[in-house]
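In what follows, a single structure is set out as structure tokens and then discussed.
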């Protein structure tokens, strides 16, 4: 019997150096798209997929991230007095029940695989999800929910996958495809950040995973790989070598790399235009901006 996935690991220990100086005092995950921080999009996606336990792998300087999910009695009282029900409702979605959220420190920056491994004692013998908040996915049905539904049929490990330009394969973990069934892909293996010339495909892993507890044992044995880090893809590839079920899942939706400045700005525009109360004014501004640029040329 396949077990439901009810735990998720959020690796949020990174320093966010690509967004300095902003991230000198603000965790990158607290940076906002419109009016919600990146981490809130990740939490909402996890909740839609049935996640009940949220495990954050953090580091020094992430206090604001922890405070964000705490209750704010004074603010709530003020909004109630002013009868601002919409804002109260929005605030409620940021609260986490006692015991639903846990924080673990990653003391050394040894890569994504090491960050996931830090949560091993809280995972135990259960399957679990991993969500990278940098990857924000706009989708009618949230990406992890799509994966959870597919995983209920396949079991084993599953990674979210999308096609990328061949020249960008060196920035991703790439699938070595065995059989392609459309949404679900079986694999011969995975390669971390191969060159365009050696990449086995252009199907890249992005920041959503559903993994078996065996992954933790694999991570315990793995030495530093590409970039001097402990790579999660190496632990997943080990499952393939051992003949266990591993699938790629082509999700339906648009992924934005909010770990990069360009991706973050693209997401800001896309999510801003998607908001009904902002669309007309924002769209008119973008049209005016484009017209001004054409006139200048």
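In the numbering used here, the protein residues as written are 1207 to 1503. Where a beta carbon is used, it is the ideal one built from N, C-alpha and C, also for glycine.
On the three-state DSSP scale, how would you describe residue i?
{"i": "residue 1453", "result": "strand"}
{"i": "residue 1436", "result": "coil"}
{"i": "residue 1376", "result": "helix"}
{"i": "residue 1331", "result": "coil"}
{"i": "residue 1396", "result": "strand"}
{"i": "residue 1504", "result": "The question about residue 1504 has no answer here: the residues shown for the chain are numbered 1207 through 1503."}
{"i": "residue 1256", "result": "coil"}
{"i": "residue 1294", "result": "helix"}
{"i": "residue 1499", "result": "helix"}
{"i": "residue 1216", "result": "strand"}
{"i": "residue 1281", "result": "helix"}
{"i": "residue 1388", "result": "coil"}
{"i": "residue 1417", "result": "strand"}
{"i": "residue 1412", "result": "strand"}
{"i": "residue 1336", "result": "strand"}
{"i": "residue 1369", "result": "strand"}
{"i": "residue 1492", "result": "helix"}
{"i": "residue 1322", "result": "helix"}
Rounded to the nearest angstrom, how far is the Cβ of residue i from that of residue j, given a contact under 8 Å?
{"i": "residue 1436", "j": "residue 1319", "result": "4 Å"}
{"i": "residue 1354", "j": "residue 1248", "result": "Wrong, their Cβ atoms sit about 15 Å apart, outside the cutoff."}
{"i": "residue 1245", "j": "residue 1213", "result": "At roughly 17 Å, the Cβ-Cβ gap does not stay under 8 Å, so residue 1245 and residue 1213 are not in contact."}
{"i": "residue 1364", "j": "residue 1453", "result": "5 Å"}
{"i": "residue 1424", "j": "residue 1399", "result": "19 Å between Cβ atoms; not a contact."}
{"i": "residue 1419", "j": "residue 1362", "result": "Wrong, their Cβ atoms sit about 12 Å apart, outside the cutoff."}
Using DSSP's beta-bridge definition, name the partner residues of residue i.
{"i": "residue 1363", "result": "1452"}
{"i": "residue 1309", "result": "1262"}
{"i": "residue 1238", "result": "1243"}
{"i": "residue 1463", "result": "1341"}
{"i": "residue 1383", "result": "1393"}
{"i": "residue 1346", "result": "Answer by DSSP bridge pairing: none, since residue 1346 is not bridged."}
Exercise for the section: Indicate whether the contact test is met: 3 or more Cβ pairs, each with one atom in the region 1371-1386 and one in the region 1402-1422, closer than 8 Å. Expected result: yes
Next on the checklist: Quick test of the definition: if touching needs 3 or more C-beta pairs under 8 Å, does the region 1221-1241 touch the region 1277-1295?
Outcome noted: no
(Q) Below 8 Å, how does it come out for the region 1454-1471 and the region 1334-1343: are there three or more Cβ pairs, yes or no? (A) yes
ask   = Between the region 1297-1314 and the region 1259-1271, do three or more beta carbon pairs fall short of 8 Å?
value = yes
Would you say the region 1363-1373 touches the region 1443-1460, given that touching needs at least three Cβ pairs under 8 Å? yes
Legend entry - At least three beta-carbon pairs within less than 8 Å, the region 1474-1484 to the region 1220-1230: no
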